[in-house]
Structure formats: C-alpha cells, structure tokens
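Report on the structure given below.
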Amino acid sequence: MKENLIIGIKFCGGCNPRYDRGKALEKIKLQYPIMNFVLANEHDCYQVLLVMCGCKSACANIKPYRRNFTIVMDEADSLEDVLHQLMEKVRRQS
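With my numbering, letter number 57 in the sequence shown gets 55, and the count goes up by one each step, no holes.
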C-alpha cells in the first residue's frame, strides 16, 4: 500500500473572507481521514497544495511553495469540487 498523500494547507491572509475557511477545512479532513494535512511551509514539497482563499480574489501567494498539484478553494460552494479533486488524487495514488 502506498503512503498517504501529504496535503499542504496554505491559507490566504483573510482580509475579506466570504466563508469560514477553517470549518471548510474540517469538513475536508473528515471526508479524507487517511490524508495527512499539514500547514504548508516553503521548505517542503507537497503532493497537493490546498489553498484556502476566503474570496474570489484568490490573492494568496503560492509561488514559493513546492508542490506537484494545486487545488484552490475560493468559496464555500467549491467544497464539492475540492473533494472531487482530492478523490482523483487518491485514485491515482492507489
């Protein structure tokens, strides 16, 4: 069995949040308890960088973060899309 996916979490600065990013992340974590969610830093490389943006501006600077794939959540309605993209990553990992 392959190791769990490492998902780096990057939050935007939260200047104009339109939804509760923390609650959305908790829902994602509950859906995928086998994934390893960690706060992203610029020194590690992640299989997936999940960017939790509070609004459509999606202004979080992700350039310094090393990753294989990026998923951006910029509104509460995109939760289902994020879950789908993570499921695809799990399937490809298996």
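The C-beta atom is built at its ideal place from N, Cα and C for all residues, glycine as well.
Reference residue i, options the options, closest by Cα
i	options	result
Ala38	Cys13, Glu73, Lys61	Lys61
Met85	Pro31, Gly12, Cys53	Pro31
Asn2	Glu40, Met33, Met71	Met33
Ser94	Tyr44, Val70, Cys43	In the structure as shown, the chain begins at -1 and stops at 92. Residue 94 is therefore absent and cannot be evaluated.
Cys53	Gly6, Gln83, Glu73	Glu73
Glu24	Cys57, Leu77, Val88	Leu77
Tyr44	Ile5, Arg89, Lys87	Ile5
Identified DSSP bridge partners for residue i
i	result
Phe9	Met50
Tyr63	Answer is none; Tyr63 lacks a bridge partner.
Met71	Met50
Within 8 angstroms, strictly: CB atoms of residue i and residue j
i	j	result
Lys21	Met50	no
Val46	Lys87	yes
Ala58	Cys10	yes
CB contact check: residue i to chain C, cutoff 8 angstroms
i	result
Asp72	Note that chain C does not occur in the displayed structure, where there is just one protein chain.
Sufficient close CB pairs (3 or more, under 8 angstroms) joining the stretch 12 to 28 to the stretch 60 to 67: no
Runs of alpha helix (DSSP H) lying entirely within the stretch 16 to 44, each at least 4 residues, in chain order: 19 to 29
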